[in-house]
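Novice: In the numbering used here, the protein residues as written are 187 to 529.
C-beta: ideal position from N, C-alpha, C; glycine also.
Values in this document were obtained by computation on a predicted structure and should not be read as measured data.
So that we are looking at the same thing, I have put the structure below in structure tokens.
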Amino acid sequence: IDKAIRIVRETEEEREVVPNLMIGFGIDETQAEFVAEIRLRQLNREYILKRTDEIGELEKDIAEMESTLQSRRKIRSVITSELRQVIKKYSQPRKSILIFPSDEPQEAEEDDTPDYPVNLFFTREGYFKKITNQSLRMSADQKLKEGDSITQSVTATNRSELLFFTDKCQVYKTTAADFDDTKASVLGDYLPAKLGMDSGENPVFMAVTTDYQGYLLFAFENGKAAKVPLSAYATKTRRRKLANAYSDKARLVQALQLAEDCEVLFTSSDTRMLIVHSGLIPAKVTKDTQGVAVMALKKKHLLVSARIYDGGFADPKRYMVRTLPGAGALPKDGDATEQLTLA
187 IDKAIRIVRE TEEEREVVPN LMIGFGIDET QAEFVAEIRL RQLNREYILK
237 RTDEIGELEK DIAEMESTLQ SRRKIRSVIT SELRQVIKKY SQPRKSILIF
287 PSDEPQEAEE DDTPDYPVNL FFTREGYFKK ITNQSLRMSA DQKLKEGDSI
337 TQSVTATNRS ELLFFTDKCQ VYKTTAADFD DTKASVLGDY LPAKLGMDSG
387 ENPVFMAVTT DYQGYLLFAF ENGKAAKVPL SAYATKTRRR KLANAYSDKA
437 RLVQALQLAE DCEVLFTSSD TRMLIVHSGL IPAKVTKDTQ GVAVMALKKK
487 HLLVSARIYD GGFADPKRYM VRTLPGAGAL PKDGDATEQL TLA
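Pasting the structure below:
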């Protein structure tokens, strides 16, 4: 006590009291603050003895806690005692029932949607038709809006799931069963209205699946291509719209649905063509991945088309590469130069 008083009296500035006490007694700041705040009336034997007793009690409590922590039996005893106190204090009947998992196998919910072969048609202007085989045999002449054309025709079933990708990098999910059977002699359903698309949004590609196997390949005008597993678009709930369905960093030129890896023909605006095996393009589960550079484009030129290569070139090796990106080659006489785009 005398030492503390001497340190306080000999300290010239108030802000130096605590630091000097810390130095004088080798204590931390909290302890020094406590000493500095002791009033004169507390500097008596009774006060000091009480504080000393408190220290002894704290040391005893700490020892008991450490002993409890080292004994599983004591820990369980504490838990049991506290639970009994809770039961005694809050004793009420359970308001909810406990449901335990059953050992009996759960029967999968049956899909009662009728399943039969259908033919699906998707047009450039965003019209869709679902036509049965019988109806198509009776009349195969498709009625289209003036200037419109069919971009995809797929043989599927009525239970097939449909994914319509739009020019706003979104995808709308539905099923073939959600559309009525129609005839070739009608325009069909206008998808922006049928699916409730956003204002100014237009469908550009249709994917059809029953098991979400395979890949989607997105080709962009900057020469990049992204390969995304179709399973990335599977959802546990029936969500009808997914955002960020593909990258928006460059304009989409073409989307392709691949059941397995195959040769893909890329064409640039200077008519150079490049055949790439899709296995060279790594698959990414991130739907809006930017992809990898596939075609090395010359200045001021863009990628204008991508399609599955189904043969027809006299010398296909001329256009193939083993590593990416590739520059491609100008077509020889007789090689197809058809350019399919989403414009």
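Less than 8 Å between C-beta atoms, sequence neighbours within five positions excluded: which residues of the same chain meet that for SER464?
Specialist: Taking the first residue of the sequence shown as 1, we reach residue 464 at position 278. So the qualifying residues of the chain are TYR401, LEU403, LYS413, LEU444, ASP447, CYS448, GLU449, VAL450.
Novice: For a quick check, are the C-beta atoms of LEU489 and MET481 less than 7 Å apart?
Specialist: If you number the sequence shown from 1, residue 489 lands on position 303. If you number the sequence shown from 1, residue 481 lands on position 295. Contact: yes.
Novice: Does the beta-carbon of MET459 have 16 or more other beta-carbons within 10 angstroms, so that it is buried, or is it exposed?
Specialist: For the purposes of this step, residue 459 is taken as the residue at position 273 of the sequence shown. Counting Cβ neighbours within 10 Å, MET459 comes out buried, since at least 16 surround it.
Novice: Who does GLN443 pair with in a DSSP beta bridge?
Specialist: Numbered from its first residue, the sequence shown carries residue 443 at position 257. Its beta-bridge partners are LEU402.
Novice: Give a yes or no on contact between the region 332-350 and the region 297-307, applying the rule of three or more CB pairs nearer than 8 Å.
Specialist: Cβ pair count under 8 Å is three or more, so yes.
Novice: Helix, strand or coil for GLY512 per DSSP?
Specialist: Position 326 of the sequence shown, counted from the first residue, corresponds to residue 512. Note: GLY512 maps to strand in three-state DSSP.
Novice: Go through its chain and collect everything with a Cβ distance to PRO205's Cβ below 8 Å, but skip five positions before and after it.
Specialist: The sequence position of residue 205 within the sequence shown is 19, counting from 1. Result list for PRO205: ALA218, in chain order.
Novice: Taking the Cβ atom as the reference point for each residue, do LEU416 and LEU466 lie within a distance shorter than 7 Å?
Specialist: What you label residue 416 is simply residue 230 of the sequence shown in a count that begins at 1. What you label residue 466 is simply residue 280 of the sequence shown in a count that begins at 1. Against a cut-off of 7 Å, the Cβ pair of LEU466 and LEU416 comes out as no contact.
Novice: Starting from PRO205, follow the alpha helix (DSSP H) in both directions and report where the run begins and ends.
Specialist: Position 19 of the sequence shown, counted from the first residue, corresponds to residue 205. First-last of the alpha helix (DSSP H) with PRO205: 203-211.
Novice: How many whole angstroms separate the CB atoms of PHE351 and TYR276, which I take to be in contact at a CB cut-off of 8 Å?
Specialist: The sequence position of residue 351 within the sequence shown is 165, counting from 1. The sequence position of residue 276 within the sequence shown is 90, counting from 1. Their Cβ separation, rounded to whole angstroms, is 56 Å, which puts PHE351 and TYR276 out of contact at 8 Å.
Novice: Given a threshold of 16 other Cβ atoms within 10 Å of its Cβ, counted over all protein chains shown, does THR216 qualify as buried or as exposed?
Specialist: Reading the sequence shown from its first residue, position 30 is the one you call residue 216. The residue is exposed, with fewer than 16 neighbouring Cβ atoms inside 10 Å.
Novice: Can you tell me which of the three DSSP states LYS428 falls into?
Specialist: What you label residue 428 is simply residue 242 of the sequence shown in a count that begins at 1. Here residue 428 turns out to be Leu, not Lys, going by the sequence shown. Three-state DSSP puts LEU428 in a strand.
Novice: By DSSP, does LEU489 sit in helix, in strand, or in coil?
Specialist: Here residue 489 refers to the residue found at position 303 when the sequence shown is read from its first residue. It is a strand residue.
Novice: If I measure Cβ to Cβ from VAL221 and keep anything under 8 Å in the same chain, skipping five residues before and after, which residues do I get?
Specialist: On the sequence shown, residue 221 is found 35 positions in, with the first residue counted as 1. Here the set comprises ALA190, LEU207, PHE211, ILE213.
Novice: Who pairs with VAL272 in a beta bridge, going by DSSP?
Specialist: As a working mapping, residue 272 is identified with position 86 in the sequence shown. DSSP, once it has assigned bridges, lists no residue as partnering VAL272.
Novice: What are the complete beta strand (DSSP E) segments, minimum 3 residues, inside the region 321-387?
Specialist: With a minimum length of 3 residues, the continuous beta strand (DSSP E) runs that stay inside the region 321-387 are 336-343, 347-352, 357-361.
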